[in-house]
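Just so you know, we're using our numbering here: the sequence shown kicks off at 15 and counts up by one. Note that the Cβ used here is the ideal one computed from N, Cα and C, for glycine as well. No experiment lies behind these values; they were computed from the predicted model shown.
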Amino acid sequence: MGNKGDAIGLLSLVVVEEFGSFSAYLWSYVNCNPIINGYKYTNNIPMRIPKSEAMSRDMVNREFQLVGPTII
């Protein structure tokens with residue numbers, strides 16, 4: 015690989031080939047439905063949820079970087 019941008023592009027291309035688009039890949043974790051929470055206070059919002067942990071784990075397995083469950 016020439017640089018990090020090339021590597022990220024290649025990883026994204028693999029996901030696009032499998033799912034049709036990067037967006038479809040991300041939406042597949044929530045069955046194409048947004049998660050709507052009713053938290054009254056921001057301090058009640060969890061740092062991570064099982065879906066973000068699963069997505070993070072899969073992205074790490076696909077060799078993406080900086081995709082921890084808190085970031086996602």
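8 angstroms Cβ cutoff met for residue i and residue j
i, j, result
"W26", "F33", "The identity of residue 26 in the sequence shown is Ser, whereas the question assumes Trp. No, the Cβ-Cβ distance between S26 and F33 is not below 8 angstroms."
"V67", "P83", "The sequence given here places Glu at residue 67; Val does not occur at that position. Contact: yes."
"R76", "V29", "yes"
Reduced DSSP secondary structure (H/G/I, E/B, other) of residue i
i, result
"Y55", "coil"
"S35", "coil"
"V28", "helix"
"R71", "helix"
Closest residue to residue i among the options (Cα-Cα distance)
i, options, result
"V44", "R62, M69 and P60", "M69"
"M3", "V29, V28 and I85", "Residue 3 cannot be examined here, being either before or after the span of the chain that is shown, 15 to 86."
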